[in-house]
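Chains as they are written, first to last, in my numbering: chain A, 1 to 164; chain B, 1 to 164; chain C, 1 to 164; chain D, 1 to 164.
Even for Gly, the Cβ is constructed at its ideal location relative to N, Cα and C.
Here is the structure we will look at.
Protein chains: 4
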Amino acid sequence: MPPEPSRLYYRAVATVQVAVIGSGSDHEARAEEVGRLLAERGCTVVTGGGGEVMAAASRGAKEAGGTTIGILPGERRDDANPWVDHVVVTGIGHARNLAVVASGDAVIAVGGSWGTLAEIAFASRLGRRVVILEPGHDLEGLPRASSPDEAVELALSGLGGSGG
Amino acid sequence: MPPEPSRLYYRAVATVQVAVIGSGSDHEARAEEVGRLLAERGCTVVTGGGGEVMAAASRGAKEAGGTTIGILPGERRDDANPWVDHVVVTGIGHARNLAVVASGDAVIAVGGSWGTLAEIAFASRLGRRVVILEPGHDLEGLPRASSPDEAVELALSGLGGSGG
Amino acid sequence: MPPEPSRLYYRAVATVQVAVIGSGSDHEARAEEVGRLLAERGCTVVTGGGGEVMAAASRGAKEAGGTTIGILPGERRDDANPWVDHVVVTGIGHARNLAVVASGDAVIAVGGSWGTLAEIAFASRLGRRVVILEPGHDLEGLPRASSPDEAVELALSGLGGSGG
Amino acid sequence: MPPEPSRLYYRAVATVQVAVIGSGSDHEARAEEVGRLLAERGCTVVTGGGGEVMAAASRGAKEAGGTTIGILPGERRDDANPWVDHVVVTGIGHARNLAVVASGDAVIAVGGSWGTLAEIAFASRLGRRVVILEPGHDLEGLPRASSPDEAVELALSGLGGSGG
């Protein structure tokens, strides 16, 4: 699909998208910090659109004037938390976890349980860069970060683009 | 998930999202016009992120300074057309058609074949308002519009919000 | 994946699989007849595993000593009707409609509303043979049958294999 | 959906379904043994329908006269290995991993990489019993078995039904 040159004038500016995944109310403060740092670096924050870590990362991004996408499991737009700008309603339940990580150029995991582990596995399967913010799942071969700042640094290193 | 009041200060501004579906190079001019009109009304344009009608609707929205979301069937972000701002990579093939229409507060169909018919059916099943831009599928009970302007009018009527 | 010849001795016998789709309690008698006829022809009956037309087609197949597969939208095996032999639990909601028709070598539609229309559209998109049992959706290019017997005949004609 | 009593005479006999997941040619011998043991216990073997561990588990089940289901990621029935009796064609790519484990009353993991880890995580998220056949992923809280026999024992213990 080679568009005519003149029409590219209006094209979208490619922004780095980073998926922030995880769960657990204990991890909200760090997730919010991750969201804030990503927005300050010009990245769009992608989450599953729900509560806890997802809400906190989105809130952090909005506090810093950033942009957020929420990819919901259900069939109703209203299920998104109030810090989601762009709501994607999938209707495919837990299978939406695949879409969340596939939509990130990189992925940062903050806390989390089985659903997060499925996301980390899918992201790795698809070749997305995954960073684990400690404490969290301990998986061989995946970089770990000891702070939100380091997590964002590691996620963006080597990506290029506006967030790199 | 009742957020603390002060934190809502930063929340996302709910924007009306309208899905534009369809296919066929014959229908690109009208799809572009639909995208442009939606953007002028402050709506975000949601498409499947691919070529023909999807590209044209997104291009029209960008020409008018609007915002676009593309929900892709494959596993690679690079498959999106150049007029998609926010790329959702689902990896679920044709099943992403469900996500495209579920993510619209209303749906406008421009041309199209079997894939579009599946989207119209899913949208109706989920209770989304669907408008068919003539000529196109002829389905009992669904409003038809004879121009892009009328299609946008019909899609937004009764939705409320910024696009209503 | 070329298996060693000796191991093919134990291989599965390829059976023609026919998806029966639709809804509406008015159509149960005909759906049951379709299921019975398919089983008598040696075909496995695939449905969405739920009630009405899905249950009736599966029941008809079991009454004739046939085999049935039910592909459920939810996350619980117990949601299948009592005439499903092999239960597939997808957890992907309406997107399972794609799997139902994709799993049929041919598809027979009996009654039905929007969900059925989505299935007919997906089946046609994937190149599956679709037969509409009258009355029902009227779609250009799709063969219509006036009786369960004719529907089964039309569905199996040209497929080859045990049911052809 | 309470069926009339007389019609239940023909109903399906509920069979225990066990999903066997994993990958890696090194693990085929053990997967084949798992498939064989499951079939001898009257269980239906569910897999992703592809090669290596999936093919081996299905082959083992067929060698013992058992029944197999294969849940494919693509859109073509022909992609199934030759030991799959009942082919489910999902068209949803890696998201079919959710359907594989959701369709098992219990899950046995034999070897495997990221895709298998996603399956283990989804299975645990859905409350399915998961047994890891050593060596393999080491996940807190999941029982490990040192032989195919022990894996089948652990998977079926507590399930009840024909395989318990």
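Residues of chain A with CB under 7 angstroms from residue i, in chain order?
{"i": "C/I92", "result": "I92, G93 and A95"}
{"i": "B/P82", "result": "P3, L8, R11 and A12"}
What residues from chain A crowd round residue i, counting only those whose CB sits closer than 8 angstroms?
{"i": "C/E119", "result": "Ordered by position in chain A, no residue passes the 8 angstroms Cβ test against C/E119, which lies about 15 angstroms from the chain."}
Of all the options the options, which has the alpha carbon lying nearest to the alpha carbon of residue i?
{"i": "B/G24", "options": "B/E52, B/E32, B/G66 and B/G35", "result": "B/E52"}
{"i": "C/A121", "options": "B/E140, B/H94 and B/V100", "result": "B/H94"}
{"i": "A/T47", "options": "A/G22, A/A145 and A/P143", "result": "A/G22"}
{"i": "B/G60", "options": "B/G35, B/N81, B/D78 and B/E40", "result": "B/G35"}
{"i": "B/V87", "options": "A/P82, A/D105 and A/S6", "result": "A/D105"}
{"i": "C/A123", "options": "C/L98, C/E140, C/P143 and C/C43", "result": "C/L98"}
{"i": "B/A29", "options": "B/A19, B/A55 and B/I69", "result": "B/A55"}
{"i": "A/W83", "options": "A/P143, A/S58, A/V100 and A/L37", "result": "A/S58"}
{"i": "B/V20", "options": "B/E40, B/L159 and B/G49", "result": "B/G49"}
{"i": "D/E33", "options": "D/V110, D/Q17 and D/V16", "result": "D/V110"}
{"i": "B/R7", "options": "A/N81, A/P143 and A/R96", "result": "A/N81"}
{"i": "A/G136", "options": "A/V18, A/A31, A/D26 and A/G112", "result": "A/G112"}
{"i": "A/S157", "options": "A/R77, A/D26, A/L38 and A/A31", "result": "A/L38"}
{"i": "B/R41", "options": "B/H27, B/R128, B/D26 and B/V18", "result": "B/V18"}
Which chain B residues are close to residue i, counting only those with a beta carbon under 8 angstroms from its beta carbon?
{"i": "A/V89", "result": "A99, A102 and S103"}
{"i": "A/D85", "result": "A12, V13 and T15"}
Between residue i and residue j, which are expected to be in contact by the criterion C-beta below 8 angstroms, what is the C-beta distance as a whole number of angstroms?
{"i": "B/A102", "j": "B/L126", "result": "6 angstroms"}
{"i": "B/L159", "j": "B/V16", "result": "6 angstroms"}
{"i": "D/D79", "j": "D/I69", "result": "Wrong, their Cβ atoms sit about 14 angstroms apart, outside the cutoff."}
{"i": "C/V100", "j": "C/R128", "result": "Not a contact, Cβ separation roughly 11 angstroms."}
Given that residue i touches chain D, what residues does it touch there, using C-beta distances under 9 angstroms?
{"i": "A/G167", "result": "Here chain A covers residues 1 to 164 and nothing more, so residue 167 of chain A does not appear."}
Kindly list, in the order they appear in chain A, the residues whose Cβ is closer than 9 angstroms to that of residue i.
{"i": "C/E75", "result": "G93 and H94"}
{"i": "B/E134", "result": "Per Cβ cutoff of 9 angstroms: no residues; B/E134 is ~26 angstroms from chain A at best."}
Using the beta-carbon of each residue, which ones in chain C are nearer than 8 angstroms to residue i?
{"i": "D/I71", "result": "V88"}
For a contact defined as C-beta to C-beta under 9 angstroms, what are the partners of residue i on chain B?
{"i": "A/R129", "result": "None at all; the shortest Cβ gap to chain B is about 13 angstroms."}
Since residue i meets chain C, which of its residues come closer than 9 angstroms, beta carbon to beta carbon?
{"i": "D/R59", "result": "P3, R7, Y10 and R11"}
Kindly list, in the order they appear in chain B, the residues whose Cβ is closer than 7 angstroms to that of residue i.
{"i": "A/T47", "result": "Chain B residues near A/T47: none, gap ~12 angstroms exceeds 7 angstroms."}
Kindly list, in the order they appear in chain D, the residues whose Cβ is closer than 7 angstroms to that of residue i.
{"i": "C/E63", "result": "Y10"}
Starting from the N-terminal side, write out each stretch of the beta strand (DSSP E) that is 3 residues or longer and does not extend beyond the stretch 87–145 of chain B. 106–111 and 129–133
Contact the stretch 6–15 of chain D vs the stretch 141–152 of chain C: 3+ CB pairs below 8 angstroms: no
Are the stretch 104–117 of chain B and the stretch 107–116 of chain C touching by the rule of at least three beta carbon pairs closer than 8 angstroms? Two segments are said to touch when three or more pairs of C-beta atoms, one from each, lie closer than 8 angstroms; by this definition the stretch 104–117 of chain B does not touch the stretch 107–116 of chain C.
Where in the stretch 19–81 of chain B do unbroken runs of the beta strand (DSSP E), each at least 3 residues long, occur, reported from the N-terminal end onward? 44–47 and 68–72
Three or more C-beta pairs below 8 angstroms linking the stretch 89–104 of chain A and the stretch 52–65 of chain B: They do not touch, by the three-pair rule.
Taking 8 angstroms as the cut-off, does the stretch 71–82 of chain B touch the stretch 124–143 of chain B (at least 3 CB pairs, one atom from each stretch)? no
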